[in-house]
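Read top to bottom, the protein sequences are chains A and B. Oh and the first sequence: position 69 is 69 in the numbering used here, straight run, nothing missing. Oh and the second sequence: position 38 is 38 in the numbering used here, straight run, nothing missing. Data first, discussion second: the structure below is written as structure tokens.
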Amino acid sequence: DAKTTQPPSMDCAEGRAANLPCNHSTISGNEYVYWYRQIHSQGPQYIIHGLKNNETNEMASLIITEDRKSSTLILPHATLRDTAVYYCIPLGGSNYKLTFGKGTLLTVNP
Amino acid sequence: NAGVTQTPKFQVLKTGQSMTLQCAQDMNHNSMYWYRQDPGMGLRLIYYSASEGTTDKGEVPNGYNVSRLNKREFSLRLESAAPSQTSVYFCASSDRDRVGRTEAFFGQGTRLTVV
Numbered sequence: 001d002a003k004t005t006q007p008p009s010m011d012c013a014e015g016r017a018a019n020l021p022c023n024h025s026t027i028s029g030n031e032y033v034y035w036y037r038q039i040h041s042q043g044p045q046y047i048i049h050g051l052k053n054n055e056t057n058e059m060a061s062l063i064i065t066e067d068r069k070s071s072t073l074i075l076p077h078a079t080l081r082d083t084a085v086y087y088c089i090p091l092g093g094s095n096y097k098l099t100f101g102k103g104t105l106l107t108v109n110p
Numbered sequence: 001n002a003g004v005t006q007t008p009k010f011q012v013l014k015t016g017q018s019m020t021l022q023c024a025q026d027m028n029h030n031s032m033y034w035y036r037q038d039p040g041m042g043l044r045l046i047y048y049s050a051s052e053g054t055t056d057k058g059e060v061p062n063g064y065n066v067s068r069l070n071k072r073e074f075s076l077r078l079e080s081a082a083p084s085q086t087s088v089y090f091c092a093s094s095d096r097d098r099v100g101r102t103e104a105f106f107g108q109g110t111r112l113t114v115v
């Protein structure tokens, strides 16, 4: 299964864009990149996923490099409620177990 | 639409006692999962079930058993609870949609303390 590397923590000012990086250099060709987040004490929440192309939804944008070895989750206008641990997870193909690494703790400051 | 329902929400056990954590989903999902989350740590997969009647070990299966008797329900059993099993337990379910998306939905968690 592909391994991921994320910074343990990041800070962002409220109203600014939060850019969360993830390295997944061993991702296989049929694995998607999924992003989830966990707000304190709650169950994780799906944010977005992508395979090759950049993706955008009402929560975030996902930029995947052309070689697919890394991606960046973008929260365009971070709010205090976006303070959470964000997980980058390769999933798909023969990798069907949803496993979480350590993630990045994003703290949005007023 | 309830989604994923876990019972109980809180439980205190004495060392050596047994109990079963219940999880049910009403989304007709094939896959179900059990995780544990220790304070300040990420989620670790205990067991996984790809479909009714099948189960597979995750990262930390020791000390647990699971049962997937039907599509809706996936239970986690602690045969002889130990203080090291004090944790928050999350159940989740997911399925692959027509465009290949796998979105998992989580329950609210069961806070278990073993004394």
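Even glycine gets a Cβ: it sits at the ideal position worked out from N, Cα and C. If you're wondering where the values come from, they're calculated on a predicted model, not measured in any experiment.
{"Asked": "Note down the Cα distance separating S80 (chain B) from N70 (chain B), rounded to an integer number of angstroms.", "Found": "25 Å"}
{"Asked": "Spell out whether any CB of chain B is found under 9 Å from the CB atom of V33 (chain A).", "Found": "no"}
{"Asked": "Whose Cβ in chain B lies nearer than 8 Å to the Cβ of L91 (chain A)?", "Found": "T102"}
{"Asked": "Can you give the beta carbon distance from F90 (chain B) to Q11 (chain B), rounded, assuming they're within the 8 Å contact cut?", "Found": "That belief does not hold up - the Cβ atoms of F90 (chain B) and Q11 (chain B) are roughly 14 Å apart, past 8 Å."}
{"Asked": "Buried or exposed for V115 (chain B), going by 16 or more other Cβ atoms inside 10 Å?", "Found": "exposed"}
{"Asked": "Please state if the CB of N23 (chain A) and the CB of T4 (chain A) are separated by a distance shorter than 9 Å.", "Found": "yes"}
{"Asked": "Check the Cβ of L45 (chain B) against every Cβ in chain A and list those closer than 9 Å, keeping chain order.", "Found": "K97, L98, T99 and F100"}
{"Asked": "Checking contacts by CB at 9 Å: is S75 (chain B) closer than that to chain A?", "Found": "no"}
{"Asked": "Under the assumption that Y36 (chain A) contacts Y87 (chain A) (Cβ atoms under 8 Å), give the Cβ distance between them as a whole number of angstroms.", "Found": "5 Å"}
{"Asked": "With a 10 Å radius around its C-beta and 16 neighbouring C-beta atoms as the bar for buried, classify M41 (chain B) as buried or exposed.", "Found": "exposed"}
{"Asked": "Mapping DSSP to helix, strand and coil, what is P110 (chain A)?", "Found": "coil"}
{"Asked": "Given that Y86 (chain A) touches chain B, what residues does it touch there, using C-beta distances under 7 Å?", "Found": "In chain order: nothing, as chain B lies at least about 11 Å away."}
{"Asked": "Beta-carbon within less than 7 Å of R96 (chain B)'s beta-carbon, same chain only, minus the 5 sequence neighbours each way: which residues are those?", "Found": "T102"}
{"Asked": "Under 9 Å, Cβ to Cβ, is there at least one residue of chain B near P7 (chain A)?", "Found": "no"}
{"Asked": "Closer than 8 Å is the cut-off here; do at least three beta carbon pairs connect the segment 44 to 59 of chain A with the segment 103 to 110 of chain B?", "Found": "yes"}
{"Asked": "Under 8 Å between beta-carbons, which chain A residues line up against S94 (chain B)? List them in chain order, please.", "Found": "L98"}
{"Asked": "To test your reading of the DSSP string, which unbroken beta strand (DSSP E) runs of 3 or more residues are found completely within the segment 1 to 89 of chain A?", "Found": "9 to 13, 18 to 23, 32 to 38, 45 to 50, 61 to 64 and 70 to 75"}
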